[in-house]
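Okay, so here's the structure we're looking at.
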Amino acid sequence: MELPLEDINNAVSALKKGGTLIYPTDTIYGLGCDAYNYEAVEKIYALKERDKSKSLIVLVDSFNMLESIIDDIPDMAWEVLKVNKKPLTIIYDKPKNVAENVVAGDGSLAVRVTNDPLCRSMIRKLKRPLVSTSANLSGDSSPIEFSDISQELIDRVDHVLNLPLVHKTIKASTIMKISNNGVFKIIRK
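Using the UniProt record's numbering, read the sequence shown as starting at 1 and increasing by one per residue.
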(Lines of atoms letter the chains of each structure in order from A and count residues from 1; the text may use other names and numbers.)
(Lines give C-alpha, C1' and ligand atoms only; values in the text may rest on other atoms or scores of the structure.)
Protein backbone atom coordinates (compact mmCIF):
# COMPACT_ATOMS: atom_id res chain seq x y z
CA MET A 1 0.00 0.00 0.00
CA GLU A 2 1.34 3.40 -0.97
CA LEU A 3 0.91 5.86 1.87
CA PRO A 4 -0.32 9.41 1.20
CA LEU A 5 2.77 11.14 2.62
CA GLU A 6 1.54 14.71 2.15
CA ASP A 7 -1.70 13.88 3.99
CA ILE A 8 0.28 12.21 6.79
CA ASN A 9 2.65 15.19 7.08
CA ASN A 10 -0.28 17.63 7.28
CA ALA A 11 -2.04 15.52 9.92
CA VAL A 12 1.12 15.21 12.03
CA SER A 13 1.75 18.93 11.73
CA ALA A 14 -1.73 19.60 13.15
CA LEU A 15 -1.13 17.07 15.96
CA LYS A 16 2.20 18.69 16.88
CA LYS A 17 0.38 22.02 17.27
CA GLY A 18 -2.04 20.47 19.77
CA GLY A 19 -4.72 19.85 17.16
CA THR A 20 -7.43 17.24 16.91
CA LEU A 21 -7.82 14.85 14.02
CA ILE A 22 -10.43 12.63 12.36
CA TYR A 23 -8.68 9.70 10.69
CA PRO A 24 -9.13 6.08 9.59
CA THR A 25 -7.82 3.55 12.11
CA ASP A 26 -7.33 -0.21 12.01
CA THR A 27 -10.99 -0.61 13.01
CA ILE A 28 -13.33 2.38 12.49
CA TYR A 29 -12.91 6.12 11.92
CA GLY A 30 -11.21 7.70 14.90
CA LEU A 31 -10.96 11.03 16.63
CA GLY A 32 -7.50 11.62 17.99
CA CYS A 33 -4.73 13.82 19.27
CA ASP A 34 -1.23 13.61 20.76
CA ALA A 35 -1.57 11.41 23.86
CA TYR A 36 1.09 13.48 25.65
CA ASN A 37 -0.80 16.77 25.22
CA TYR A 38 -3.19 17.49 28.12
CA GLU A 39 -4.97 20.38 26.38
CA ALA A 40 -5.48 18.37 23.19
CA VAL A 41 -7.01 15.52 25.20
CA GLU A 42 -9.35 18.04 26.85
CA LYS A 43 -10.43 19.11 23.34
CA ILE A 44 -11.27 15.48 22.47
CA TYR A 45 -13.61 15.21 25.46
CA ALA A 46 -15.25 18.52 24.53
CA LEU A 47 -15.61 17.61 20.83
CA LYS A 48 -17.24 14.27 21.62
CA GLU A 49 -19.33 15.80 24.41
CA ARG A 50 -18.02 12.84 26.42
CA ASP A 51 -18.05 12.43 30.18
CA LYS A 52 -14.47 12.57 31.44
CA SER A 53 -15.10 9.47 33.55
CA LYS A 54 -15.15 7.47 30.30
CA SER A 55 -11.59 6.63 29.37
CA LEU A 56 -9.90 6.87 25.98
CA ILE A 57 -7.78 4.43 23.97
CA VAL A 58 -4.20 5.15 22.94
CA LEU A 59 -2.56 3.74 19.80
CA VAL A 60 1.15 2.90 19.66
CA ASP A 61 3.17 1.73 16.66
CA SER A 62 5.36 -0.87 18.36
CA PHE A 63 6.11 -2.92 21.45
CA ASN A 64 8.92 -0.44 22.22
CA MET A 65 6.46 2.45 22.34
CA LEU A 66 4.11 0.33 24.47
CA GLU A 67 6.94 -0.18 26.98
CA SER A 68 7.58 3.57 27.02
CA ILE A 69 4.05 4.27 28.35
CA ILE A 70 3.34 1.23 30.55
CA ASP A 71 5.50 0.72 33.63
CA ASP A 72 5.12 -3.04 34.04
CA ILE A 73 3.60 -5.12 31.24
CA PRO A 74 2.34 -8.46 32.58
CA ASP A 75 3.77 -11.62 31.00
CA MET A 76 0.24 -12.68 30.04
CA ALA A 77 -0.14 -9.49 27.99
CA TRP A 78 3.05 -10.26 26.08
CA GLU A 79 1.80 -13.77 25.32
CA VAL A 80 -1.53 -12.45 24.02
CA LEU A 81 0.15 -9.72 21.95
CA LYS A 82 2.54 -12.19 20.29
CA VAL A 83 -0.25 -14.45 18.98
CA ASN A 84 -3.03 -11.93 18.38
CA LYS A 85 -3.90 -11.12 14.75
CA LYS A 86 -7.00 -8.90 15.15
CA PRO A 87 -7.27 -5.38 16.60
CA LEU A 88 -6.95 -5.81 20.36
CA THR A 89 -6.91 -3.11 23.00
CA ILE A 90 -5.46 -4.10 26.36
CA ILE A 91 -6.08 -2.14 29.54
CA TYR A 92 -2.91 -1.99 31.63
CA ASP A 93 -2.12 -0.89 35.17
CA LYS A 94 0.62 1.68 35.84
CA PRO A 95 0.75 3.93 32.76
CA LYS A 96 3.50 6.54 32.50
CA ASN A 97 4.61 9.41 30.24
CA VAL A 98 1.12 10.25 28.89
CA ALA A 99 -1.18 13.16 29.67
CA GLU A 100 -2.85 12.50 33.02
CA ASN A 101 -6.33 13.00 31.52
CA VAL A 102 -5.78 10.00 29.20
CA VAL A 103 -5.39 7.77 32.26
CA ALA A 104 -8.65 6.25 33.55
CA GLY A 105 -9.95 7.01 37.03
CA ASP A 106 -8.70 3.64 38.30
CA GLY A 107 -5.15 4.47 37.16
CA SER A 108 -5.22 2.25 34.06
CA LEU A 109 -4.66 2.94 30.37
CA ALA A 110 -6.17 1.24 27.31
CA VAL A 111 -3.54 0.72 24.58
CA ARG A 112 -3.62 -0.92 21.16
CA VAL A 113 -0.51 -1.76 19.15
CA THR A 114 -1.81 -0.90 15.70
CA ASN A 115 -0.89 -2.74 12.53
CA ASP A 116 -2.56 -0.19 10.30
CA PRO A 117 0.09 1.31 7.97
CA LEU A 118 -1.42 4.82 8.01
CA CYS A 119 -1.72 4.94 11.81
CA ARG A 120 1.76 3.50 12.28
CA SER A 121 3.21 6.06 9.90
CA MET A 122 1.52 8.98 11.71
CA ILE A 123 2.61 7.70 15.13
CA ARG A 124 6.20 7.19 13.96
CA LYS A 125 6.34 10.67 12.46
CA LEU A 126 4.77 12.21 15.60
CA LYS A 127 7.10 10.07 17.78
CA ARG A 128 4.28 9.82 20.32
CA PRO A 129 1.20 7.69 20.98
CA LEU A 130 -2.06 8.80 19.44
CA VAL A 131 -5.40 9.05 21.23
CA SER A 132 -8.02 7.01 19.41
CA THR A 133 -11.72 7.21 20.18
CA SER A 134 -14.57 6.73 17.75
CA ALA A 135 -15.22 9.76 15.52
CA ASN A 136 -18.73 10.41 16.77
CA LEU A 137 -20.55 12.45 19.35
CA SER A 138 -20.99 10.56 22.60
CA GLY A 139 -23.86 8.11 22.30
CA ASP A 140 -23.92 8.05 18.47
CA SER A 141 -22.98 5.00 16.38
CA SER A 142 -19.33 4.36 15.57
CA PRO A 143 -18.50 5.41 11.98
CA ILE A 144 -17.50 2.66 9.57
CA GLU A 145 -17.76 4.91 6.52
CA PHE A 146 -16.52 8.49 6.33
CA SER A 147 -20.08 9.53 5.44
CA ASP A 148 -21.19 8.19 8.87
CA ILE A 149 -19.28 11.00 10.63
CA SER A 150 -21.50 13.94 11.56
CA GLN A 151 -20.79 17.20 9.77
CA GLU A 152 -20.96 18.90 13.17
CA LEU A 153 -17.95 16.90 14.38
CA ILE A 154 -16.06 17.39 11.10
CA ASP A 155 -16.54 21.16 11.42
CA ARG A 156 -15.24 21.15 15.01
CA VAL A 157 -11.93 19.27 14.59
CA ASP A 158 -8.65 20.87 13.56
CA HIS A 159 -7.78 18.43 10.76
CA VAL A 160 -9.54 15.71 8.77
CA LEU A 161 -7.94 12.77 6.95
CA ASN A 162 -10.70 11.71 4.57
CA LEU A 163 -9.11 8.44 3.48
CA PRO A 164 -10.69 4.98 3.24
CA LEU A 165 -10.36 2.38 5.97
CA VAL A 166 -7.77 -0.19 4.96
CA HIS A 167 -8.99 -3.14 7.01
CA LYS A 168 -12.79 -2.64 7.02
CA THR A 169 -13.34 -4.64 10.21
CA ILE A 170 -16.68 -2.83 10.65
CA LYS A 171 -16.37 -2.89 14.42
CA ALA A 172 -14.33 -1.52 17.25
CA SER A 173 -11.47 -3.52 18.72
CA THR A 174 -11.77 -6.23 21.32
CA ILE A 175 -10.91 -4.82 24.75
CA MET A 176 -9.26 -6.93 27.45
CA LYS A 177 -8.04 -5.88 30.89
CA ILE A 178 -4.87 -7.62 32.06
CA SER A 179 -3.86 -6.58 35.56
CA ASN A 180 -0.43 -6.89 37.09
CA ASN A 181 -1.83 -9.39 39.62
CA GLY A 182 -2.58 -11.87 36.80
CA VAL A 183 -6.33 -11.22 36.61
CA PHE A 184 -7.74 -10.75 33.11
CA LYS A 185 -11.21 -9.93 31.86
CA ILE A 186 -12.79 -9.43 28.42
CA ILE A 187 -14.45 -5.99 28.45
CA ARG A 188 -15.68 -5.94 24.81
CA LYS A 189 -15.64 -8.71 22.21
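Heads up, the beta-carbon is just placed ideally off N, CA and C, and yes, glycines get one too.
Answer with buried or exposed for residue 22, where buried requires no fewer than 16 other C-beta atoms within 10 angstroms of its C-beta.
Sequence index remark: in the sequence shown, residue 22 carries index 22 (1-based). Looking at its Cβ environment, which holds 16 or more other Cβ atoms inside 10 Å, residue 22 is buried.
For a quick check, are the C-beta atoms of residue 71 and residue 179 less than 8 Å apart?
Here residue 71 refers to the residue found at position 71 when the sequence shown is read from its first residue. Here residue 179 refers to the residue found at position 179 when the sequence shown is read from its first residue. No, Cβ-Cβ distance for residue 71 and residue 179 is not below 8 Å.
Bridge partners of residue 174, per DSSP?
One-based indexing of the sequence shown puts residue 174 at position 174. Beta-bridge pairing links residue 174 to 88.
According to DSSP, is residue 132 part of a helix, a strand, or is it coil?
As a working mapping, residue 132 is identified with position 132 in the sequence shown. Of the three classes helix, strand and coil, the one that applies to residue 132 here is strand, per DSSP.
With DSSP collapsed to three states, give me the class of residue 59.
For this step, residue 59 is matched to residue 59 along the sequence shown. Strand.
Verify the CB distance criterion: does residue 178 have a CB-CB separation below 8 Å to chain D?
Of the chains in the structure shown, none is chain D; there is only one protein chain.
Please report how far the alpha carbon of residue 112 lies from the alpha carbon of residue 60, in whole angstroms.
Position 112 of the sequence shown, counted from the start, is the residue given in the question as residue 112. Position 60 of the sequence shown, counted from the start, is the residue given in the question as residue 60. Approximately 6 Å, taken between the alpha carbons.
Quick one: Cα of residue 152 to Cα of residue 75, how far?
By one-based count along the sequence shown, residue 152 stands at place 152. By one-based count along the sequence shown, residue 75 stands at place 75. If I take the Cα positions, the gap works out to 43 Å.
Is there contact between the stretch 144-159 and the stretch 94-103, where contact requires at least three CB pairs shorter than 8 Å?
No, the stretch 144-159 does not touch the stretch 94-103.
Roughly how many whole angstroms lie between the Cα atoms of residue 29 and residue 116?
Counted from its first residue, the sequence shown places residue 29 at position 29. Counted from its first residue, the sequence shown places residue 116 at position 116. So the alpha carbons of these two residues sit roughly 12 Å apart.
Taking the Cβ atom as the reference point for each residue, do residue 8 and residue 133 lie within a distance shorter than 8 Å?
Position 8 of the sequence shown, counted from the first residue, corresponds to residue 8. Position 133 of the sequence shown, counted from the first residue, corresponds to residue 133. Taking 8 Å as the Cβ cut-off, residue 8 and residue 133 do not qualify as a contacting pair.
Does the beta-carbon distance from residue 57 to residue 66 come in below 8 Å?
Within the sequence shown, the letter at position 57 stands for residue 57. Within the sequence shown, the letter at position 66 stands for residue 66. Not in contact: residue 57 and residue 66 (Cβ atoms no closer than 8 Å).
Comparing C-alpha positions only, which one of 177, 126 and 136 sits nearest to residue 47?
As a working mapping, residue 47 is identified with position 47 in the sequence shown. It is 136.
So, with DSSP's three-state summary, where would you put residue 50?
Residue mapping note: residue 50 aligns to position 50 of the sequence shown, counting from 1. Residue 50 falls in the coil class under three-state DSSP.
How many angstroms separate the CA atom of residue 82 from the CA atom of residue 123?
Translated into positions along the sequence shown, residue 82 becomes position 82. Translated into positions along the sequence shown, residue 123 becomes position 123. About 21 Å.
Answer with buried or exposed for residue 5, where buried requires no fewer than 16 other C-beta atoms within 10 angstroms of its C-beta.
Translated into the one-based positions of the sequence shown, residue 5 becomes position 5. Under this definition residue 5 is an exposed residue.
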